Amino acid sequence: MTTCYLSKDQQIELTQIAQSLATLGKGILAADEPADIIESRFSPVNIENTEENRRYYRQVLFRTKECSQYISGIILCHETFHHKTDDNNTLFPCLIKENGIITGITVDKGLVVLGGTENETITQGLDSLEERCREYKKLGAQFAKWRALIKISHHTPSQLAINENASALARYASICQQCGLVPIVEPEVSQDGDHDLEECQRISEKVLATVYKALNDHHVYLEGTLLKPSMVTPGGHNEENSTLYLNAINRVQLYKPWILSFSYGRALQSSVLRAWKGDKANDEQARKEFLRLAKQNSLASMGKYEAVV
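Quick note: the sequence shown uses our numbering, first residue 1, plus one each step.
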């Protein structure tokens with residue numbers, strides 16, 4: 001008989017994965033940029049955006065063995081998930097596992113306009129999700145990511161957009177757990193716009209409340225999930241600011257029932273790309289830079305980072 005509830009063994013597996021990902025002093029590397037996004041990262045350092053260059057660059061990162069001291073999980077996109085190393089044809093999820101790191105996969109299929117709204121969006125990808133999750137699990141994935149986007153303006157977000165995105169996140173989380181994957185729940189509240197801090201806080205609280213109501217309605221096992229909230233700050237962040245903000249959060253003397261760590265993409269890679277420049281002769285220098293960034297964010301996740309002036 002099929003049931004919406006997880007077995008005890010399923011709950012134990014999900015809890016163990018979630019706790020490993022949330023190990024004190026460790027965080028997640030987001031290496032799931034699709035080809036069009038990584039173009040914007042490659043272009044400033046004159047790296048041609050070919051599939052082989054994307055594969056080789058990720059290989060440089062994933063062969064930084066010491067990074068398991070600071071990185072608990074790595075999120076991949078579909079393309080990277082199926083890439084192999086160039087020497088012994090090891091699939092990247094296997095390479096990551098050999099280094100003591102957990103492999104994750106982005107399973108959403110991007111944003112589309114939600115009808116009946118002012119160009120607000122809904123995330124697509126639920127139709128074939130269970131089949132894809134079971135296949136990813138079989139190939140070594142242990143967790144997944146799905147991003148919803150909430151926009152703030154004078155007329156948004158609408159309650160419709162909040163409800164629909166919360167429902168989609170909950171359905172995604174439920175399917176992932178049934179397939180043995182820990183879902184990262186990411187209701188991203190966009191930092192774009194001219195709204196103030198108080199409005200960002202108000203909307204963030206409203207969205208999170210709606211999302212967790214939906215997770216409860218869908219019988220999602222919360223101990224087997226991770227939340228990826230937005231920074232309640234304006235604009236994007238460079239590497240140093242990302243580390244400083246995380247450090248400040250963890251230095252606040254308040255009761256914090258959960259570990260507050262990082263899931264960074266650009267903040268762990270921008271300097272790495274500048275060091276690498278698409279040249280294999282720079283592989284080791286790029287790895288050293290990646291290790292430096294991983295270590296400083298590890299320290300920040302414990303409130304122990306001291307900026308170098």
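For every residue, glycine included, the Cβ atom is placed at its ideal position computed from N, Cα and C. Remember, predicted model here, so these are calculated numbers, not experimental data.
In this structure, what does DSSP give as the bridge partners for ILE185? Within the sequence shown, residue 185 is the residue found at index 185, counting from 1. The sequence shown places Val at residue 185, rather than the Ile named in the question. Note: VAL185 sits in a beta bridge opposite TRP146, LEU227.
Determine the closest residue to GLU131 out of THR117, ILE96, ALA170, GLY180, with distance taken between C-alpha atoms. In the sequence shown, the residue the question calls residue 131 occupies position 131. It is GLY180 whose Cα lies nearest to the Cα of GLU131.
On the three-state DSSP scale, how would you describe ILE12? Position 12 of the sequence shown, counted from the first residue, corresponds to residue 12. If DSSP states are grouped into helix, strand and coil, ILE12 belongs with the helices.
Opposing strand residues paired with LYS84 [DSSP bridges]: Within the sequence shown, the letter at position 84 stands for residue 84. BP columns for LYS84 point to LEU91.
Can you tell me the Cα-Cα spacing of ASP279 and ILE47, whole angstroms? Counted from its first residue, the sequence shown places residue 279 at position 279. Counted from its first residue, the sequence shown places residue 47 at position 47. The alpha-carbon atoms of ASP279 and ILE47 are separated by roughly 9 Å.
Does the distance from the C-beta atom of GLY323 to that of SER68 stay below 9 Å? The structure shown does not extend to residue 323, since the chain spans only 1 to 309, so no value can be given for it.
Let me know the secondary structure DSSP gives TYR264 once reduced to three states. By 1-based counting over the sequence shown, the position of residue 264 is 264. Strand at TYR264.
Is the beta carbon of LEU76 closer than 9 Å to that of ARG55? Start at 1 with the first residue of the sequence shown, and residue 55 comes out as number 55. Start at 1 with the first residue of the sequence shown, and residue 76 comes out as number 76. No, Cβ-Cβ distance for ARG55 and LEU76 is not below 9 Å.
Buried/exposed call for GLU98, threshold 16 Cβ in 10 Å: Here residue 98 is taken as the residue at index 98 of the sequence shown, counted from 1. When all chains shown are included, GLU98 counts as exposed.
So, for MET1: in the same chain, excluding its five sequence neighbours on each side, which residues have a beta-carbon less than 8 Å away from its beta-carbon? As a first step, residue 1 must be located in the sequence shown, where it is residue number 1. Note on MET1: pLDDT 37, under 50, position unreliable in the model; the coordinate value appears next. Cβ neighbours of MET1 beyond the five flanking positions: none.
Enumerate in chain order the residues of its own chain whose CB-to-CB distance from VAL272 is below 6 Å, with the five nearest sequence positions on each side excluded. Sequence index remark: in the sequence shown, residue 272 carries index 272 (1-based). Only ALA286, GLU289, PHE290 meet the Cβ criterion.
Please work out which residues of its chain come closer than 7 Å, Cβ to Cβ, to THR15, disregarding the five sequence neighbours upstream and downstream, and give them in chain order. On the sequence shown, residue 15 is found 15 positions in, with the first residue counted as 1. The residues are GLU223, GLY224.
If I'm right that ALA170 touches ASP127 with Cβ under 8 Å, what's the distance once you round it to whole angstroms? As a working mapping, residue 170 is identified with position 170 in the sequence shown. As a working mapping, residue 127 is identified with position 127 in the sequence shown. The Cβ separation is near 16 Å, so there is no contact.
Return the bridge partner residues of ILE122 from the DSSP annotation. Here residue 122 refers to the residue found at position 122 when the sequence shown is read from its first residue. When beta bridges are read from the DSSP output, ILE122 appears opposite VAL112.
Between which two residues does the beta strand (DSSP E) harbouring ILE71 extend? The residue labelled residue 71 in the question sits at position 71 within the sequence shown. Counting along the chain, the beta strand (DSSP E) containing ILE71 begins and ends at 71 to 76.
Quickly, what does DSSP pair ILE105 with across the bridge? List them, please. Locating residue 105 in the sequence shown gives position 105, counting from the first residue. By DSSP's assignment, ILE105 forms a beta bridge with LEU76, ALA144.
So TYR221 and LEU6 are supposed to be a Cβ contact under 8 Å. How far apart are they, rounded? Taking the sequence shown and counting its residues from 1, the one referred to as residue 221 is at position 221. Taking the sequence shown and counting its residues from 1, the one referred to as residue 6 is at position 6. Right, the Cβ-Cβ distance comes to about 5 Å (below 8 Å), so this counts as a contact.
Output the boundary residues of the beta strand (DSSP E) element that contains ALA166. For the purposes of this step, residue 166 is taken as the residue at position 166 of the sequence shown. Taken as a continuous stretch (DSSP letters only), ALA166 belongs to no beta strand (DSSP E), being part of the alpha helix (DSSP H) at 159 to 178.
Euclidean distance between Cα positions of PRO234 and GLN191: Against the sequence shown, residue 234 aligns to sequence position 234. Against the sequence shown, residue 191 aligns to sequence position 191. Only weak support exists for where PRO234 lies, its pLDDT of 48 falling under 50; the coordinates are left without a value.
In its own chain, which residues sit with a C-beta less than 6 Å from the C-beta of ASP32, not counting the 5 before and 5 after it? Numbered from its first residue, the sequence shown carries residue 32 at position 32. ILE75, LEU76, CYS77, THR106, listed in sequence order.
Given this structure, state the Cα-to-Cα distance separating ILE17 from PHE262, to the nearest angstrom. What you label residue 17 is simply residue 17 of the sequence shown in a count that begins at 1. What you label residue 262 is simply residue 262 of the sequence shown in a count that begins at 1. Here the alpha carbon of ILE17 sits roughly 16 Å from the alpha carbon of PHE262.
Between the Cα of ILE12 and the Cα atoms of GLN269, SER153, GLN178, GLU205, which residue gives the shortest distance? Taking the first residue of the sequence shown as position 1, residue 12 is located at position 12. It is GLN178 whose Cα lies nearest to the Cα of ILE12.
Can you have a look at THR80 and say buried or exposed, based on whether 16 or more other CB atoms are within 10 angstroms of its CB? Counting from one through the sequence shown, the residue named residue 80 turns up at place 80. With at least 16 other beta carbons inside 10 angstroms of its own, THR80 counts as buried.
Return helix, strand or coil for GLY235, following the three-state DSSP convention. The residue labelled residue 235 in the question sits at position 235 within the sequence shown. Because the pLDDT of GLY235 is 48, which lies under 50, any placement of that residue in the model is unreliable, and the question is left without a value.
Identity of the residue in ILE162, ALA168, THR23, SER270 nearest GLU205 by Cα: Residue mapping note: residue 205 aligns to position 205 of the sequence shown, counting from 1. Per the Cα distances, ILE162.
Quick check: the Cα distance between CYS94 and ASP108, rounded to an integer number of angstroms? Mapped onto the sequence shown, residue 94 falls at position 94. Mapped onto the sequence shown, residue 108 falls at position 108. Going by the C-alpha atoms only, they are around 22 Å apart.
So, at 7 Å on beta carbons, what are the nonlocal neighbours of ARG274 in its own chain, with the 5 sequence-adjacent residues on each side left out? Position 274 of the sequence shown, counted from the first residue, corresponds to residue 274. These residues qualify, in order along the chain: VAL45.
Determine the DSSP secondary structure at ILE28, reduced to helix, strand or coil. Taking the sequence shown and counting its residues from 1, the one referred to as residue 28 is at position 28. In the structure shown, ILE28 sits in a strand (DSSP, three-state: E or B).
Quick check: LEU24 and ALA294, are their CB atoms within less than 9 Å of each other? Position 24 of the sequence shown, counted from the start, is the residue given in the question as residue 24. Position 294 of the sequence shown, counted from the start, is the residue given in the question as residue 294. Cβ distance not < 9 Å, so LEU24 and ALA294 don't count as in contact.
Candidates PHE143, VAL113, LYS138, HIS83: which alpha carbon is nearest GLN19's? As a first step, residue 19 must be located in the sequence shown, where it is residue number 19. Here the closest residue by C-alpha is PHE143.
Would you please state the rounded distance, in angstroms, between the beta carbons of ILE150 and ILE184? I believe it to be under 8 Å. In the sequence shown, residue 150 corresponds to position 150, counting from 1. In the sequence shown, residue 184 corresponds to position 184, counting from 1. At roughly 16 Å, the Cβ-Cβ gap does not stay under 8 Å, so ILE150 and ILE184 are not in contact.
Under the three-state reduction of DSSP, which class applies to TYR5: helix, strand or coil? As a working note, residue 5 is residue 5 in the sequence shown. If DSSP states are grouped into helix, strand and coil, TYR5 belongs with coil.
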